[in-house]
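So the structure is just underneath, and the comments pick up after that.
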Ligand SMILES: *Cc1c(COP(=O)(O)O)cnc(C)c1O
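Shown next, in the form of structure tokens:
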């Protein structure tokens, strides 16, 4: 095949073409000069538009025509995560320099499974993991891995803890013999406001939904520790095997933080694995003003999402283990990939540390932004986001039209307008038609609206305007 600009090479024409394509793409993005999060559209109409795309024409359309088509039918309805009017989920805009680091890792396309598919990539991931372990208070026996997201990080922790428990407490090697009958008695404890990935993993691991104990939360949205303790003790009395508990550091609906220090005491007493699901709240550690809210206790594992409050491109997440021996469940040798002798010669094959094989060099994004901005740069961003949430909470709670059952600890504000479920649903839809996206959830049967503040450009004036718009829509509906 002749060199016809198929892949990157030393050829200057090819390099010029790449530059042209990237510039044209940026041109399209920069031409979207309105502030809305996306162009409001009816889902049926959008489906029809997308259905009209050719997909696989007999003869390719070439770069410019394809970009033109995508510009018409896809780009207007992409979420502009950088819009100040986008605030429904833990779904963030990305830091400017991370677009460059993402380009780097995409362009080289190194893979993390074996050293010979990414020498510096492997070494960078190892360094980033070691530094993160240090940042989160773990010692020299710790390790971890990058994963595709918080759900995968949470699953990894539960999977590893299960195998470790069965091996050390029940004396059965799950890798070889599978889960013994006693495994049916395993129990794990999460707050009722925790993320659903633990329950999903419990199904996937064959533990069943009965193995997941949902501990009620208190009036601050935190796990009720006395009930947690009682549930564990009752289960032990019933001959069951409590082995794992989750402290959520930033719940998805309120951003509340469980008391991990008290949970640690109970886990120590009954020899249970304590996992911190800090997918959202891990970024607190960057804020000089608010880092005290992060319960820096000695957990057994931690989930960190960099594609949430650290504002890095999807996907980018890590799971850390205090004792790297717990990661043995991920190791299996294949002659074509990760030979045992490699390690003796100093070659690290990261496939040994996680569930995925081919994996992106996401650690570069962390290294790049951390080095580029420093602790100080991240401190400014994270502190500003939480300051905004504190401000918005006070603004709404001082107005009788709004009901705020609890105050979160990070950057989410959840409220109901006059406790009227139908009106709240309509407020969200009306805002959506304006191109303003906020979230919706329920709390004790009430429909709640939710504003997740992850955009560093949002200022107090924007929040005042948002409140006024909500009141305007609300009063027109009541
Ligand atoms: C977002 C989130 C998850 C899931 O993470 P993904 O990256 O979406 O897979 C898990 N736990 C908490 C607390 C989260 O906020």
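Residue numbers (the working numbering): 5 to 482.
Note that the Cβ used here is the ideal one computed from N, Cα and C, for glycine as well.
Bridge partners of residue 217 according to DSSP: 193.
Remark: the C-beta of residue 8 is outside contact range of ligand 1, defined as less than 6 Å to any heavy atom.
Note on geometry: alpha-carbon atoms of residue 110 and residue 228 lie some 45 Å from one another.
Around the CB of residue 187, 16 or more other CB atoms lie within 10 Å, so the residue is classed as buried.
Residue 36 and residue 11 have their C-alpha atoms spaced approximately 29 Å apart.
For residue 211, the closest alpha carbon among the candidates 226, 185 and 231 is that of 185. Per DSSP, the beta bridge partners of residue 252 are 281.
Judged by DSSP secondary structure, residue 55 falls within the alpha helix (DSSP H) whose first and last residues are 47-55. The beta carbon of residue 233 sits closer than 7 Å to the beta carbons of 270 from its chain, once the five residues preceding and following it are set aside; these are given in chain order.
Looking from the CA of residue 122, the closest CA among 19, 426, 401 and 351 belongs to 351.
About 5 Å separates the beta carbons of residue 369 and residue 105, which is inside the 8 Å limit, making them a contact pair. In the three-state DSSP reduction, residue 287 falls in the helix class (H, G or I). Residue 322 has 150 and 308 as its beta-bridge partners, per DSSP. Here the segment 338-346 does not lie against the segment 271-289, with fewer than 3 beta-carbon pairs under 8 Å apart. When the alpha-carbon of residue 328 is set against those of 164, 388, 456 and 147, the nearest one is in 147. Residue 125 places its beta carbon 7 Å or farther from that of residue 330. Among the bridge pairs identified by DSSP, residue 412 is matched with none.
Boundaries of the alpha helix (DSSP H) around residue 30: 16-34. The DSSP-derived three-state label of residue 110 is helix. When the Cα atoms are used, residue 380 and residue 289 turn out to be separated by approximately 12 Å. At a cut-off of 4 residues, the continuous stretches assigned as alpha helix (DSSP H) that sit fully inside the segment 321-352 are 344-348.
Taking C-beta separations shorter than 6 Å and ignoring five residues to either side along the sequence, the partners of residue 299 in its chain run 264 and 265, following chain order.
DSSP, read as helix, strand or coil, puts residue 446 in strand.
Assignment of beta-bridge partners to residue 454 by DSSP yields 418 and 443.
Here the segment 459-466 makes contact with the segment 380-392; the two share three or more CB pairs at distances below 8 Å. For residue 138, the enclosing alpha helix (DSSP H) begins and ends at 123-139. Here residue 468 carries a helix assignment [DSSP, helix/strand/coil].
Not one heavy atom of ligand 1 is found less than 6 Å from the C-beta of residue 22.
Relative to the non-hydrogen atoms of ligand 1, the Cβ of residue 256 comes within a distance shorter than 6 Å of at least one.
Using a Cβ distance threshold of 7 Å, residue 309 and residue 154 count as a contacting pair. Taking 6 Å as the cut-off, the C-beta of residue 283 counts as close to a heavy atom of ligand 1. For residue 155, the CB falls within less than 6 Å of some heavy atom of ligand 1.
Closest option to residue 59, judged by alpha-carbon separation, among 77, 49, 48 and 42: 77. Assignment of residue 80 by DSSP, reduced to helix, strand and coil, places it in the helix class. Residue 449 and residue 175 have their C-alpha atoms spaced approximately 45 Å apart. The alpha-carbon of residue 363 is positioned some 42 Å away from that of residue 408.
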